[in-house]
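Student: Order-wise, the sequence lines are chains A and B.
Numbering follows the numbering used here, with no gaps: position 84 of the first sequence is 84.
Numbering follows the numbering used here, with no gaps: position 11 of the second sequence is 130.
My questions will all concern the structure given below.
There are 2 protein chains.
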Amino acid sequence: MEFETNKPIYLQVIEDIKRRMVAGELPPGEKLPSVRDLAVAYTINPNTASRVYREMEQMSLCFTRRGLGTFITEDPAVYEQIRSGMAKECLANFVTGMKHLGYHDKQAMIEQLLAFQEN
Amino acid sequence: MEFETNKPIYLQVIEDIKRRMVAGELPPGEKLPSVRDLAVAYTINPNTASRVYREMEQMSLCFTRRGLGTFITEDPAVYEQIRSGMAKECLANFVTGMKHLGYHDKQAMIEQLLAFQEN
DNA sequence: ACTAGTGTTCTATGTGCATAGTACACTAGT
DNA sequence: ACTAGTGTACTATGCACATAGAACACTAGT
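What follows is the structure in structure tokens.
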């Protein structure tokens with residue numbers, strides 16, 4: 001995985017894990033890689049990997065059993081919170097961004113969206 | 120202006136100035152505030168303000184006359200580059216974000232956009 | 001010449017991020 | 001008991017960011 005500069009790596013890893021949760025790749029209760037394996041998987045330092053789980057646990061995204069490992073939360077409500085939060089953020093960023101470009105009504109935004117081709 | 124954490128201030132100021140350029144608030148050749156005045160306007164350190172202009176000059180967004188001040192570029196083509204770059208980035212972020220949420224075709228994205236109400 | 005207003009450069013301090021390396025504590029299985 | 005695999009904690013280093021403060025170089029106007 002490639003990381004953007006000017007953005008903490010541990011936050012980008014958390015975003016990727018959240019994305020995989022929403023995508024169904026990480027079901028509730030699923031065991032996450034060990035701190036050391038996560039470090040290998042993302043090519044980051046074990047301390048940074050540890051921070052990923054520490055921050056995720058504080059967000060109630062996962063829980064830890066000392067000596068056993070770290071596991072995705074078993075609460076389905078958290079999944080819905082992540083999903084709705086990501087959707088709202090994505091839509092809000094788009095709308096404000098397009099407004100800054102002069103597209104003030106949704107119909108104008110839709111026209112730009114339909115004309116958009118990824119490269 | 121409020122700054123997000125986990126994102127360099129000087130980059131956020133540059134983004135704001137680019138936004139104001141595209142919005143027509145800063146026409147080509149317009150004189151920008153002095154380093155010290157910019158620091159006051161955005162409530163940042165003069166050194167950070169200096170960095171804003173230094174980075175902007177490297178991006179050809181402005182030019183500097185020592186002893187006179189810093190001025191917005193006089194090249195209209197730069198404006199179009201900024202505008203198209205911001206538009207492309209905004210659209211790409213939206214499309215990839217929505218795809219991560221399971222909306223793979225544009226019609227589904229449009230439905231979400233139309234249902235979106237800002238709070 | 002003088003002054004005020006510019007950008008520029010320098011040292012110094014503090015913080016957060018990321019890395020490297022080591023050591024410790026807990027759990028399950030043998 | 002022992003071992004392997006887990007999370008945790010600690011020191012240390014390097015870098016980018018942001019701030020504070022001071023000094024210098026240039027330009028326009030007087």
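Every residue, glycine too, gets a C-beta built ideally from N, C-alpha and C.
Remember, predicted model here, so these are calculated numbers, not experimental data.
So is P8 (chain A) in contact with chain B if we call contact Cβ pairs under 8 angstroms?
Tutor: It does; some Cβ of chain B falls within 8 angstroms.
Student: From the beta carbon of F213 (chain B), is the nearest beta carbon of chain A less than 8 angstroms away?
Tutor: Cβ-Cβ to chain A under 8 angstroms: yes for F213 (chain B).
Student: Could you tell me if A49 (chain A) is buried or exposed, where buried requires 16 or more neighbouring beta carbons within 10 angstroms of its beta carbon?
Tutor: By the 10 Å Cβ count, A49 (chain A) comes out buried.
Student: Below 8 angstroms CB to CB, which residues in the same chain sit around M109 (chain A) once its five sequence neighbours on both sides are set aside?
Tutor: Here the set comprises F94, V95, M98 and Y103.
Student: Could you name the residues that DSSP lists as bridge partners for D184 (chain B)?
Tutor: The amino acid at residue 184 (chain B) is misidentified as Asp; the sequence shows Arg. DSSP lists B:G188 as partners of R184 (chain B).
Student: Alpha helix (DSSP H) containing E74 (chain A): first to last residue?
Tutor: Unbroken run through E74 (chain A): none, as it is neither H nor E.
Student: I want to verify the contact list: residues of chain B whose CB lies under 9 angstroms from the CB of Q12 (chain A), in sequence order.
Tutor: Chain B residues near Q12 (chain A): none, gap ~10 angstroms exceeds 9 angstroms.
Student: For G143 (chain B) and A77 (chain A), I'd like the C-alpha separation in whole angstroms.
Tutor: Going from the Cα of G143 (chain B) to the Cα of A77 (chain A) covers about 45 angstroms.
Student: Run down chain A in chain order and give the residues with a C-beta less than 9 angstroms from the C-beta of V141 (chain B).
Tutor: Neighbours of V141 (chain B) on chain A, chain order: H100, L101 and G102.
Student: Taking the straight line between their C-alpha atoms, what separation do you get for G9 (chain A) and Q131 (chain B)?
Tutor: According to the sequence as given, residue 9 (chain A) is Ile; it is not Gly. Whole-angstrom Cα-Cα distance: 19 angstroms.
Student: For the candidate residues B:I191, B:R170, B:L187 and B:G186, whose alpha-carbon lies nearest to that of L180 (chain B)?
Tutor: The candidate whose alpha carbon is nearest that of L180 (chain B) is B:I191.
Student: Pick from A:T43, A:G69 and A:R83: whose alpha carbon is nearest that of Y53 (chain A)?
Tutor: Checked all of A:T43, A:G69 and A:R83; the closest Cα to Y53 (chain A) is A:G69.
Student: Let me see if you follow: with CB-CB separation under 8 angstroms, is L26 (chain A) close to chain B or not?
Tutor: Closer than 8 angstroms: no.
Student: Determine the extent of the alpha helix (DSSP H) in which N164 (chain B) is found, giving its start and end residues.
Tutor: Per DSSP, N164 (chain B) belongs to no alpha helix (DSSP H) and is neither H nor E.
Student: Could one say the Cβ of E237 (chain B) lies closer than 8 angstroms to chain A's Cβ atoms, at least one of them?
Tutor: Closer than 8 angstroms to some Cβ of chain A, the Cβ of E237 (chain B) qualifies, so yes.
Student: Can you round the beta-carbon distance between K106 (chain A) and L220 (chain B) to whole angstroms, since I take them to be within the 8 angstroms contact cut?
Tutor: In fact, because the Cβ distance is near 18 angstroms, the residues do not count as touching under 8 angstroms.
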